[in-house]
Every structure is written in C-alpha cells, then in structure tokens.
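Each residue of the sequence shown is one higher than the last, beginning at 1 in the UniProt record's numbering.
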Amino acid sequence: MKKIVLLNFLLIQITLFSQEKLIGNYCTIPIGESDVTCINFKENNRFVFILSGCLGTYKYGIGNYEIKSSDLILSFDNNDKEFRSEIEISEIKNTTKDSIIHKFKFVDQYGIKMMGVNLHKESGEFEFNENISNPNGIITFKYMKNQVNENYEVEFFGYENFKFRIENDKSYEILIKLALSKSTWIFGEKRTYQFERIDKELIKIQGEKYKLNK
Numbered sequence: 001m002k003k004i005v006l007l008n009f010l011l012i013q014i015t016l017f018s019q020e021k022l023i024g025n026y027c028t029i030p031i032g033e034s035d036v037t038c039i040n041f042k043e044n045n046r047f048v049f050i051l052s053g054c055l056g057t058y059k060y061g062i063g064n065y066e067i068k069s070s071d072l073i074l075s076f077d078n079n080d081k082e083f084r085s086e087i088e089i090s091e092i093k094n095t096t097k098d099s100i101i102h103k104f105k106f107v108d109q110y111g112i113k114m115m116g117v118n119l120h121k122e123s124g125e126f127e128f129n130e131n132i133s134n135p136n137g138i139i140t141f142k143y144m145k146n147q148v149n150e151n152y153e154v155e156f157f158g159y160e161n162f163k164f165r166i167e168n169d170k171s172y173e174i175l176i177k178l179a180l181s182k183s184t185w186i187f188g189e190k191r192t193y194q195f196e197r198i199d200k201e202l203i204k205i206q207g208e209k210y211k212l213n214k
C-alpha cells in the first residue's frame, strides 16, 4: 500500500515538474510567408495563444494549460475579461499661432506599438500614406486652427474598428489602445494536442515544431 501511495506521489510530482518547466514563448518555424502560431507559456499554468500572418493577428486567446502524459490541453477563458478599445487625449504645446498638430499613437492592449494602422478622416482629406502609422505607431496631422472638427475611424486587420471625434481647437496627443475584434478572440474552447518535448528550446505540438523565442 505504501509503495502505491509513493508511486502516485512521484507521478504527480513528475507531472507538476514538467508543467512548471514549460515556460516561455514557443512559436512555429515559418516557411516563407506562412502564418505563425505562438503559445506563450506563463507562470501558474497560464498561456497566451496567437495566430498571426502578414496581415496581422488572425486568432488570439488566453487561458490555462496542463500537460497529461503526451497531451497538451489548452482551456481558453470565457469573454468576461474582454478588453475594449480606449482613447486618451492630452493637450500639447502649439508651435505656431495659426496651426495645430494632432499626434496619434497606436498601441495594442499590452502597449506594443502598432505599425500599419489606417486612420480615416470623415472629410477624406489627406496625402498618400499620410494616414498609415509608422514603425513607432505614430500618425501626425497638421490643421489650421479652429478648422471644422474631424471624425475619425481606425481600421487594422484583426482589431475592432474604432470611431471617435477630435476638436480642432488645440494641439493634442491622442493615445489609442486598440482591442482585438470579437471574431479574432478564442473564447471558452478546450483543445487537446499531441505534445512532445525535444529539448530545452524545441517542442512538438500536433507533430509541428515550436521553437523557444528568447
């Protein structure tokens, strides 16, 4: 009886040990311009799942994971903690008397700068590529002071469209935190994959290799 109890204890400890050691962001190895799947394994058996490609993020989900024998089980959270787009507007000093500047900064919910975001004006007045965020996630528009107020809409693949209005009376810095669209989120699913650890930096999930990103 004691031997059975001891054996069960050792099996539990081995399972817990293997789960604790699976920490880090593992991604598939892309071939050409193929899509990339990343699973970021975190403390307390939490994970972040991201499927992305050249157009942006296709699927995203968070939840709890566990490893049972040769299976990796991903249990995705429900949508009760869903993040929504936010906007923060702060006044900045004018450099000229007759004109104002609106400086837009685009980040995701984790504060990561977003390149390639489209910002559309309702008036439709802008130069070619002037309305697309640069590598720092920034778009800057210059207006004549007290020009008609402008309505905007933000578009970026995989993220929700976000509409807002800015007054053209002063220079502003506008920080926009974009939320993923509902169709991008994975909610309430439970997925089971074949799992194999090859070495400290390489694992196999459903037969496909995932490499640890350092």
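Just so you know, even glycine gets a beta-carbon here, dropped at the ideal spot from N, CA and C.
Please classify residue i as buried or exposed, where buried requires at least 16 other C-beta atoms within 10 Å of its C-beta.
i              : result
glycine 61     : buried
tyrosine 159   : buried
serine 171     : buried
glycine 137    : buried
asparagine 131 : buried
lysine 214     : exposed
isoleucine 176 : buried
isoleucine 203 : buried
threonine 96   : exposed
Helix, strand or coil for residue i? Go by DSSP, reduced to three states.
i              : result
glutamate 208  : strand
asparagine 45  : helix
asparagine 134 : coil
asparagine 94  : coil
asparagine 79  : helix
threonine 184  : coil
serine 85      : coil
methionine 144 : strand
asparagine 161 : coil
glycine 53     : strand
isoleucine 166 : strand
glycine 124    : coil
residue 244    : Because the chain in this structure spans residues 1 to 214, residue 244 falls outside the shown range and cannot be described.
What's the gap between the Cα of residue i and the Cα of residue j?
i              : j                 : result
serine 70      : phenylalanine 157 : 35 Å
lysine 145     : glutamine 109     : 32 Å
tyrosine 65    : threonine 192     : 10 Å
glutamine 147  : aspartate 169     : 8 Å
histidine 102  : glycine 124       : 16 Å
lysine 211     : glycine 63        : 21 Å
isoleucine 112 : lysine 105        : 11 Å
glycine 207    : asparagine 94     : 58 Å
serine 85      : phenylalanine 162 : 7 Å
tyrosine 152   : serine 133        : 14 Å
lysine 68      : glutamate 91      : 54 Å
Which two residues bound the contiguous beta strand (DSSP E) that contains residue i?
i              : result
serine 99      : 99-108
isoleucine 198 : 190-199
valine 154     : 150-155
glycine 56     : 56-68
tyrosine 26    : 24-28
glutamate 173  : 172-178
lysine 121     : 118-121
isoleucine 31  : Looking at the DSSP string, isoleucine 31 is not in any beta strand (DSSP E), and its letter there is neither H nor E.
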